[in-house]
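Single-structure report; data block below.
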Amino acid sequence: MKSIRRGQHLITIMLLVFLAGFGYLLYRLQHNAGFYISHAKSTPLGYVYDRKGEILFDPEATAGKYDADYFIDIGNLIGDNSKQMTNTLVAQNLPALTNYSFTLGERSDGHAAIYCTLDHEVNRKVYDAFGAKDGCAVAYNYKTGEIYVCFSKPSVNILDGYSNIESLPEGSLLCTVFSPTVPGSMQKIATTAAAFETMGNAVLDKRYACAGSYTNLGGQVIRCHAAVGHGEQGLSEAFANSCNPFFAQLVEDPAWTLDDIAGVYRKMGYRINNEGEQTYLEFDGLSAYTASTTLIDKTDFNTQWGCMGQGMTLVSPLQMMVWQSAIANTTGISTLPYLIGHTTTVTGKTAQTASTAFGEAMFSEQTAASVREIMLENGRGHYAELLPGTDVGVKSGTAQVENGDKENSLLTGFVDDPAFPVAFCIRIDDRKSGEVTTSQIAAVLLQELKASLNE
Amino acid sequence: MFKNGLSYAGSILLMLIAHAAMLGIVLVRGSYTTPMDLVPLVLAVLGLDLAGIIAAALYRQMTYTLDIMLLTILGMSLIYQSCFGGIGLSLKHLITCIAALVACEIGFLLTRNHEWIRRHKPWIYGIIGVLVLAILFLTGGRSMWINIGSFSLQPSEFIKPCYILICAASIVELHKKIKILFFYVSVDTLCLCGATVLIFGLQWWCRDLGSLPTFAAIFGCALVCRLCYPRAKINKPAIAAMCIGGGMLAMAAWTLAPAYVQDRLHVDIWADQYGSGYQQCQALIGIARGGWLGAGPGQGYLHNVFAHESDIVFSTISEEWGLLYAGLTVVILLIMLTTTLMNPPKNYYHAMMAAGVTAAFLAQMALNIFGSCNLIPFTGVTLPFISMGGSSMMTCGFLVGMLKAAQSPLFHHEIKMGRKKTTRKTERRAQA
Chain U
0 MKSIRRGQHL ITIMLLVFLA GFGYLLYRLQ HNAGFYISHA KSTPLGYVYD RKGEILFDPE
60 ATAGKYDADY FIDIGNLIGD NSKQMTNTLV AQNLPALTNY SFTLGERSDG HAAIYCTLDH
120 EVNRKVYDAF GAKDGCAVAY NYKTGEIYVC FSKPSVNILD GYSNIESLPE GSLLCTVFSP
180 TVPGSMQKIA TTAAAFETMG NAVLDKRYAC AGSYTNLGGQ VIRCHAAVGH GEQGLSEAFA
240 NSCNPFFAQL VEDPAWTLDD IAGVYRKMGY RINNEGEQTY LEFDGLSAYT ASTTLIDKTD
300 FNTQWGCMGQ GMTLVSPLQM MVWQSAIANT TGISTLPYLI GHTTTVTGKT AQTASTAFGE
360 AMFSEQTAAS VREIMLENGR GHYAELLPGT DVGVKSGTAQ VENGDKENSL LTGFVDDPAF
420 PVAFCIRIDD RKSGEVTTSQ IAAVLLQELK ASLNE
Chain E
0 MFKNGLSYAG SILLMLIAHA AMLGIVLVRG SYTTPMDLVP LVLAVLGLDL AGIIAAALYR
60 QMTYTLDIML LTILGMSLIY QSCFGGIGLS LKHLITCIAA LVACEIGFLL TRNHEWIRRH
120 KPWIYGIIGV LVLAILFLTG GRSMWINIGS FSLQPSEFIK PCYILICAAS IVELHKKIKI
180 LFFYVSVDTL CLCGATVLIF GLQWWCRDLG SLPTFAAIFG CALVCRLCYP RAKINKPAIA
240 AMCIGGGMLA MAAWTLAPAY VQDRLHVDIW ADQYGSGYQQ CQALIGIARG GWLGAGPGQG
300 YLHNVFAHES DIVFSTISEE WGLLYAGLTV VILLIMLTTT LMNPPKNYYH AMMAAGVTAA
360 FLAQMALNIF GSCNLIPFTG VTLPFISMGG SSMMTCGFLV GMLKAAQSPL FHHEIKMGRK
420 KTTRKTERRA QA
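What follows is the structure in structure tokens.
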């Protein structure tokens, strides 16, 4: 009979295993129901609002309901539910926007919504400041991580319903704030940080001469944008001058090795020499490229050129902005950005609220403080008009793209004001002399944003 | 001596209340033009109940719980299937429900006498052989279906009860070993292993890998019951070797599985929502749309999806009736299986039979429910008694008959009495 009882135990075990699986299934179905229903062909969706309650996404938006270009600045960032774009806030957060709950079912009068940290009014003003030029701009609070401004031009007007998709300029469906771009001299921030991290303040004693060009140890010529050269200079002046010969000699300096540079670069998010997997900065479902470069030989032109932000080096504007938080906070740790402040469910109850998060340490506090001082010095000397009365740490850059046929103009920095802790990055594509400058756009961004936040 | 939980009248009353409640929901929330549309369904369900009650009263066993529960689940199934996409009466399903009830009684009568089954074991092997030959020669190509006009039969379904029976009937012969070369082996075990290899090979050849886990579960139970058998004399190294062998076989099957199986093992259904993941995505969306209480009978969308009445029937019910009702249906099926725990089998044959039937039911339920909900690879097997399909319904009915037999078996004195009666009949015939 004992053996027969074992048969009973076998039945009991089988039943319990099935029950456990069924219990898990019920939990999973109930928990993921919002995700499932967001894949249905037609689902009632809620709105996306900016930080002041302006609508950024309306599932029933029509040309008659809004101004014709009302959504133009956020078309490829906020997006819509048409599935034409994938890396947009709406496409990545459909479950949160779905007016549905497992208990109540689908409700067209529900209160599901996403409340963003974006300031649509300022965003639009900065967008308009680009005039006819294309490019991108992003700004965030380097203490909390709230993104205030984020757009890229050309964008897509979702009110057009993609009827003109064939005639849209290339890149319209992609927010290039999250895409890799040649950083130009912005890269010198990373190289400067690596030098401080390795050599400490001794790097400030290094002085190299610039005669307009420099023949490196490999026999290749590095040219400076100033044909007459900058003469002998230290790191602070070279940083402000964006002097290529100085940085070529700094890279060649025997006081550090290529591994030292690579070590700091990696901590700053670089993928070096295509080793390992490319990393991405993920937030609110959005995905942003971090950075990549090629470092082969300290005396080689391409390696030195890469350390100056040209050639094979690529960084996303978002990542350049995030570096500023590690510098501005003097912690060496980046503040991670976010776009969703909070969401509400179909019943109007707050579902999730954003909180400040930090990345891994990029460099030491000492390095952060040193780079910060150099950037502030540069800002005080050359960019005082950005935000009159307030110090702004700045680095500008020019990136050669399309084999040097075009030059993008970039500017990144941070505001040294505890009441207005904003970091930013701006890029103007194919900028030519006499056209709008990055500093003009930065001035609009900072001044309009400060006024808006103080309202 | 036998436990039933509720009184006979109480059980019937509960069943009638359950069906009446469901018909009430159809009336209140269903999708129909006039209330007269409901009449055929009401008559069919109550007629089935009445016929079942009369049959049970005329031929009542001491354990009636399973009979009543079977009637309950069949009535629920008939209501579900008649409401998919609009209220009506699924006549085909009504016929298969009656067939399942008949199969249940046949299964009960044929399998309760373990000595009779042991004596007729060669016949069972013969039936398996005939079914295998039918699959090989009558299905037309590597298929499991025999199509006769508008009817389709799946012979592999009928192999399931036969396989459980040979597993159960051979267990007591385990100790009867003969010497072949240097090894002492049990002929019954050899035959069982041969039949297992044949069935598994056939399933593999026919690309019907969905049923394979069901047979594997039955075989697993047979193996465990053999290890528990007092005279099995199976040592630990043998058990370890069996585990390793089983593991290697599973790994080989995983690696060598055909491309379409590999695809199902690794597919991200949401990345291919309108391709290979279509059925599962729609099934999950349907469950989400139904929520706890459902969209209402006949008010769903899933009836537009292929195999909504069979392979993804759990989701179709969830969408129209709600997850609560779908879960309740599963619970009733589980309670049917737990009746064996209430009335334990009295011998090894019936113990193995009960375990085998439970394993077959649970494996099939898991494959259907978890598969359609993307918890495990989607195989496309039926949900016992709920899915549409004559072969499946009859087999499940027969299996419940076996489960009933395991709870109210023939005892030795009854068997002896039966033998005496047979002898007397033979003597009388001889005298005449």
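In the order they appear, the protein sequences are chains U and E. Heads up: the first sequence begins at 0 in numbering that gives the first Met the number 0, then just goes up one per residue. Heads up: the second sequence begins at 0 in numbering that gives the first Met the number 0, then just goes up one per residue. The C-beta atom is built at its ideal place from N, Cα and C for all residues, glycine as well. Given the structure is predicted, the values throughout are model-derived calculations rather than measurements.
Asked: Which class does residue 115/U belong to by DSSP, given the choice of helix, strand or coil?; Found: strand
Asked: Given this structure, state the Cα-to-Cα distance separating residue 126/U from residue 410/U, to the nearest angstrom.; Found: 16 Å
Asked: Strictly under 7 Å for the Cβ-Cβ distance: is residue 224/E near chain U by that measure?; Found: yes
Asked: Shortest alpha-carbon distance to residue 47/U belongs to which of 362/U, 193/U and 57/U?; Found: 57/U
Asked: Taking residue 152/U as the reference, give the member of 139/U, 143/U and 128/U with the closest Cα.; Found: 128/U
Asked: To test your reading of the DSSP string, which unbroken beta strand (DSSP E) runs of 3 or more residues are found completely within the stretch 5 to 59 of chain U?; Found: 46 to 48 and 54 to 56
Asked: Use the C-beta contact count for residue 21/E: other C-beta atoms within 10 angstroms, 16 or more gives buried, fewer gives exposed.; Found: buried
Asked: How long is the line joining the alpha carbons of residue 9/E and residue 108/E, rounded to whole angstroms?; Found: 26 Å
Asked: Could you tell me if residue 447/U is buried or exposed, where buried requires 16 or more neighbouring beta carbons within 10 angstroms of its beta carbon?; Found: buried
Asked: Tell me the residue span of the beta strand (DSSP E) that contains residue 422/U.; Found: 421 to 427
Asked: Is the shortest distance between the beta-carbon of residue 84/U and the beta-carbons of chain E less than 7 Å?; Found: no
Asked: In chain U, which residues lie less than 9 Å from residue 280/E when you measure between Cβ atoms?; Found: 35 and 38
Asked: Residues of the stretch 282 to 311 of chain E with a CB closer than 7 Å to any CB of chain U: list them in chain order, please.; Found: 283, 284, 286, 287, 288, 290 and 291
Asked: Below 7 Å on C-beta distance, what does residue 358/E contact in chain U?; Found: 13
Asked: Can you tell me which of the three DSSP states residue 145/U falls into?; Found: strand
Asked: Any idea if residue 288/U is buried or exposed, counting beta-carbon neighbours within 10 angstroms, 16 or more meaning buried?; Found: buried
Asked: Using alpha carbons as the reference points, say which of 317/U, 273/U and 60/U lies closest to residue 281/U.; Found: 317/U
Asked: Please confirm whether residue 7/U has its beta-carbon closer than 7 Å to some beta-carbon of chain E.; Found: yes
Asked: Are the beta-carbon atoms belonging to residue 352/E and residue 99/E less than 7 Å from one another?; Found: no
Asked: Between which residues of its own chain and residue 326/U is the CB-CB distance below 6 Å, once the five residues before and five after are set aside?; Found: 367, 370 and 371
Asked: On a CA-only basis, which of 125/E, 193/E and 6/E is nearest residue 161/E? Give me that one, please.; Found: 125/E
Asked: Hey, is residue 32/U's beta-carbon within less than 7 Å of any beta-carbon in chain E?; Found: yes
Asked: Between the beta-carbon of residue 155/U and the beta-carbon of residue 273/U, is there less than 7 Å?; Found: no
Asked: So which of 5/U, 6/U and 13/U has the shortest CA-CA distance to residue 358/E?; Found: 13/U
Asked: Just reading off the beta strand (DSSP E) that residue 282/U is part of, what are its end residues?; Found: 279 to 282
Asked: With which residues is residue 406/U paired in a DSSP beta bridge?; Found: 399/U
Asked: Since I believe residue 320/U is in contact with residue 139/U (beta carbons under 8 Å), could you give me their beta-carbon distance rounded to a whole number of angstroms?; Found: 6 Å
Asked: Is it right to say residue 411/E is buried, meaning 16 or more other beta carbons lie within 10 angstroms of its own, or is it exposed?; Found: Because the pLDDT at residue 411/E is just 49, under 50, the model does not fix this residue reliably, and the value given afterwards should be weighed accordingly. The residue in question, residue 411/E, is exposed, as its Cβ has fewer than 16 Cβ neighbours within 10 Å.
Asked: Let me confirm a value: residue 118/E is counted as buried when at least 16 other C-beta atoms fall within 10 Å, else exposed. Which label applies?; Found: exposed
Asked: Starting from the C-beta of residue 216/E, find all residues in its chain whose C-beta is less than 8 Å away, skip the five residues before and the five after it, and write them out in chain order.; Found: 358, 359, 361 and 362
Asked: Is the beta carbon of residue 383/E sitting closer than 7 Å to the one on residue 395/E?; Found: yes
Asked: Chain E partners of residue 295/U, CB-CB under 8 Å?; Found: Near residue 295/U there are no residues of chain E at all, since even the closest Cβ is about 38 Å away, more than 8 Å.
Asked: Given a threshold of 16 other Cβ atoms within 10 Å of its Cβ, counted over all protein chains shown, does residue 401/E qualify as buried or as exposed?; Found: buried
Asked: Excluding sequence positions up to five away, which residues of its chain have a Cβ less than 8 Å from the Cβ of residue 442/U?; Found: 384, 385 and 386
Asked: So with Cβ pairs under 7 Å, would you call residue 339/E a contact of chain U?; Found: yes
Asked: Are there three or more Cβ pairs, one per stretch, closer than 8 Å when the stretch 30 to 37 of chain E is compared with the stretch 366 to 376 of chain E?; Found: no
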